[in-house]
Structures are given as structure tokens and as C-alpha cells.
Amino acid sequence: MAASRMDLDGRPIKPITICMIGAGGFIGSHLCEKLMSETPHKVLALDVYNDKIKHLLEPDSLPWAGRIQFHRLNIKHDSRLEGLIKMADLTINLAAICTPADYNTRPLDTIYSNFIDALPVVKYCSENNKRLIHFSTCEVYGKTIQSFLPKDSPLRQRWSYACAKQLIERLIYAEGAENGLEFTIVRPFNWIGPRMDFIPGIDGPSEGVPRVLACFSNNLLRREPLKLVDGGQSQRTFVYIKDAIEAVLLMIENPGRANGHIFNVGNPNNEVTVRQLAEMMTKVYTKVSGESALETPTIDVSSKEFYGEGYDDSDKRIPDMTIINKQLGWNPKTSLWDLLESTLTYQHRTYAEAIKKSMAKPTSS
Ligand code: NAD
Ligand code: UDP
């Protein structure tokens, strides 16, 4: 397998070692899976958690045993970080606080996580001449100009995340320009699929608010109405995680085409309002679970009630695919219906029993 793999320019791909920070998260777990099953590369997987990659780490008889090594560490304060970056050819930084419910309620943690904690990673890559693929966000684009109405609103904490990501992008770009850092920046546009976030009360805190896919999955599993924040009028384009991971693999294996670039990665064909997403998820879930549809499938909730003070929303985001098409020839393949069907099948299989059990238990307080 290894010998026959070629890059986009027809050259054989050499096996490399990747230091993946945040490997235990949603995107990291899918990237590790892809790298283990389809490539000869080695992964040093860094994270504070490893639940989502446990199936890749054990047992020792797995075909890729020895090619993936988990290091439990917090990059905020761990002297092993530089050594691990030095051991690898490429560093991929996925570590971040990236759930909107945190941006306005924990703006300091959000800024530290997305900017300050990323600084040593950039510095060690630059000083040791190591290539870096850094995960930014589509949110750096902010809101559309037409959605800006001059209001006497205070500074919206929601944008703590976007601003921290913007500044780290600029810093990486400047390291490239002034110190020759080889970098690629990825701006994900709503990647979704299995293992995204957590189901509150099952594998995450009962009061926690994950991103929309997990929120709506949780509502469907519990047979409660899906909550539409401020009417669910915002628009998003959703891309299937497995399609998006193909794009990341192309970046990893085609450094000459990816270095120095910032790539939007999303699916412009899968645009819906959040309300339409809720409606489609309800239909798909009815199909995959065999359960009847709810009488009241959705309810409206204000953003203040749902997220608290200081929340704001991106009204619309559609990725411009020009650069990724030109450099890597990548295009997403999976329709929204199809990706929801496989994702909700996974959610149902993984959580339905646990939810039933937890709902049958009398509450302790
Ligand atoms: P995720 O929360 O599932 O993964 C992030 C991982 O980083 C988690 O496992 C977490 O434990 C780890 N981490 C955080 N801080 C750490 C620290 N100090 N030390 C060690 N590990 C730490 O999120 P994800 O969806 O996989 O996102 C990965 C990256 O992509 C993030 O940078 C995020 O901002 C970006 N992104 C993702 C999306 C998306 O659609 N999923 C959209 C925009 C941006
Ligand atoms: N949202 C919603 N109900 C929920 C969770 C989220 O209506 O239970 C909305 C949220 O206000 C936003 C969109 O869904 O308009 C996407 O939210 P997500 O948390 O996935 O992240 P974002 O795309 O804003 O980064």
C-alpha cells in the first residue's frame, strides 16, 4: 500500500511523523482514523482526552499498532511539547475551545485557548523549521455586511473566538513572511459527523451546550422539540467530516501545493437555514430510528435565554472554493441528507439506549 501512494504531482509519498495537537477531538479522531487506515504515516497524538481515539489505540493487535502514540498533555503547561514537535516532520494544531456557548460566557478562556496557547506551537515550529497546519475558522469572516445595523450594543463577546483566530492567523502568516515558517491555515465551515462534541448528561455535562448537530441530536434522542435560536433564520453550509478529512490529507501529502495557503473547507451546495436543518434532521431521524415524529418538532428560544448575554450570530457563510480547487483539486461529495443519514444512524446506535436508561432513572435532587 505504502509504496504505491502518489501525490498530486505523481511523486511517491514518503511516510512522515505528524505531531497532532487536539488529536482526541472530533476532527482529530477522524484524521487519526484516516491516517491509520489509509496511509503509512506515524502520529504522535496529543490531547487531554483520548476517549474518541481509544478504538485506534487498543488493542496492540490493531494493524497500525506502533504508528499511533497517545501523549496525555495540556499544551498550556507541559514542557514535553517542544520535544514532541521536534520529533515530528509536521505539526497539526487542532486544540481550541470552539463551542459558541463558551465565546460569550468564557471569553478569557476562549482567547487564551485560541491565541495565547497556540503561540508556543507556532514558535516551536518556526524555530525548529517544522511545517505547521493550523486550524482556524470560517468565523474569521464575521457577519455579512448587510447584517450590520449600527446599534448601541456593547462589545459582543461572541467575537472573542473569531478575533483570537484572526490574530493567530496573522501571526502565522507573519512567521511565514519574516522567518520562513512553512504553514497552511485551514478554515473549516461547519464540519459535522459522528463523534462531534457530546450528548449532555451522557458523555458530557448535563448543563453543557454543544454545537448545533449535538444539540439537535440530543433533542431528537430525548423526544423533545428542537430549540431554534432567534427563529433559526441563520444560514450555514454543512460538510461531511469524511469529505473534509480528504481535503486535510491532500494538504498533508502535498506540501508544495498547500504551503503558504489559507484554505476554506466546506460544502457550498449544502446551505440551509438552521430551521431547515432542524426539519431535515427530524425527518432523517424518524427514518433511521423508526420512531414516530413529534407533534411539536421545534420551539423558538431567544439567544439570550439559550446562550446568555453577549451572544451574536453569523448570519450566513458560504465557502469560496477557488483556492482549494486550484491548489488541491478538492471538492466535497456528500449531500446534507446523506451525511445526516449516516450521522444520525450513528447517534441513534451510540446513544439511544443510554438516553432511555438515564430518562428512566428518578432524578436525585
Ligand atoms: P474539538 O473540541 O472536538 O477538538 C479540540 C480538541 O483539542 C479537544 O479534544 C480538546 O481536548 C483539545 N484541546 C483543547 N485545548 C487543549 C490543550 N490546552 N491541550 C491539549 N489539548 C487541548 O473541536 P473540533 O471540532 O475537532 O475542532 C478542531 C479545530 O478546528 C479547532 O481549532 C476549531 O477551532 C477548528 N474549527 C472546527 C470547526 C468544525 O466545524 N468542527 C469549525 C471551525 C473551526
Ligand atoms: N443553534 C440553534 N439551536 C441549538 C444550537 C444552535 O438554533 O440548539 C443555532 C445557533 O444559534 C447558530 C447555528 O445553530 O445559528 C449553528 O450553531 P453552532 O453551535 O453549530 O456553531 P456556529 O456555526 O455558530 O459556529
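Per this note's numbering, residue 1 is the first one in the sequence shown, and the count goes up by one each step.
All C-beta atoms in this analysis are idealised placements derived from N, C-alpha and C, irrespective of residue type, glycine included.
As the structure is a prediction and not an experimental result, all values here were calculated from the model.
Between the CA atoms of residue j and residue i - distance to the nearest angstrom
| i | j | result |
| --- | --- | --- |
| V48 | G180 | 31 Å |
| R402 | Y141 | Nothing about residue 402 can be read from this structure; the chain reaches only from 1 to 365. |
| V278 | F216 | Sequence check: residue 278 is Ala here, not Val. Taking the straight line from one Cα to the other gives about 7 Å. |
| V274 | W191 | 15 Å |
| L167 | P205 | 31 Å |
| L62 | M36 | 10 Å |
| A45 | Q146 | 42 Å |
| A23 | S136 | 15 Å |
| K14 | S79 | 29 Å |
| W337 | K326 | 27 Å |
| N104 | E305 | 13 Å |
| S303 | T17 | 44 Å |
| L81 | R131 | 15 Å |
| F198 | P319 | 26 Å |
| N74 | I21 | 9 Å |
| K34 | L249 | 8 Å |
| M280 | V229 | 17 Å |
| A96 | G10 | 35 Å |
| E353 | R223 | 13 Å |
| I172 | S342 | 36 Å |
| S160 | S314 | 13 Å |
| K42 | A174 | 29 Å |
Classification of residue i by the beta-carbon crowding that lies within 10 angstroms, buried from 16 upward
| i | result |
| --- | --- |
| L84 | buried |
| M1 | Bear in mind that a pLDDT of 48 at M1, under 50, signals an unreliable position, so the number given afterwards is only what the model happens to contain. Counting Cβ neighbours within 10 Å, M1 comes out exposed, since fewer than 16 surround it. |
| I323 | exposed |
| G232 | buried |
| A247 | buried |
| K227 | buried |
| T144 | exposed |
| S4 | exposed |
| A177 | exposed |
| S292 | exposed |
| N128 | exposed |
| D312 | buried |
| D117 | buried |
| A65 | exposed |
| G290 | exposed |
| P12 | exposed |
| L155 | exposed |
| G329 | exposed |
According to DSSP, residues forming a beta bridge with residue i
| i | result |
| --- | --- |
| F263 | V186 |
| Q235 | T273 |
| K227 | I299 |
| Y240 | I192 |
| T17 | K42 |
| M6 | P12 |
| P200 | G204 |
Spatial neighbours of residue i in its chain, beta-carbon cut-off 7 Å, leaving aside the 5 residues before and after
| i | result |
| --- | --- |
| S29 | K52, I53 and R195 |
| A101 | V209 and Y307 |
| Q157 | Y103, N104, P107 and G310 |
| S358 | G201 and I202 |
| K76 | D117 |
Own chain, CB closer than 8 Å to residue i, minus 5 neighbours either side, in chain order
| i | result |
| --- | --- |
| P225 | N219, L294, T296, P297, T298 and I299 |
Own chain partners of residue i with C-beta closer than 6 Å, once the 5 adjacent residues on each side are dropped
| i | result |
| --- | --- |
| T334 | Y240 and D243 |
| C138 | R187, F189 and R317 |
| R236 | N190 |
| I185 | H134, S136, E169 and I262 |
| Q69 | L44 |
| T282 | P297 |
| V121 | N93 |
| L339 | Y240 |
| S113 | A96 and I97 |
| C19 | L44, L84, I85, A88 and T91 |
| F183 | L132, I172 and G176 |
Contact test: residue i Cβ vs ligand 4 heavy atom, cutoff 7 Å
| i | result |
| --- | --- |
| I21 | Within the structure as shown, ligand 4 is missing, the only ligands being ligand 1 and ligand 2. |
*Tell me the start and end of each unbroken beta strand (DSSP E) in the region 280-365 that is at least 3 residues and wholly inside, in chain order.*
298-301
*May I have a chain-ordered list of the beta strand (DSSP E) segments no shorter than 3 residues that lie completely inside the region 24-97?*
42-47, 68-72 and 90-93
*Along the chain, which unbroken stretches of the alpha helix (DSSP H) at least 4 residues long are found entirely within the region 105-169?*
107-114 and 119-127
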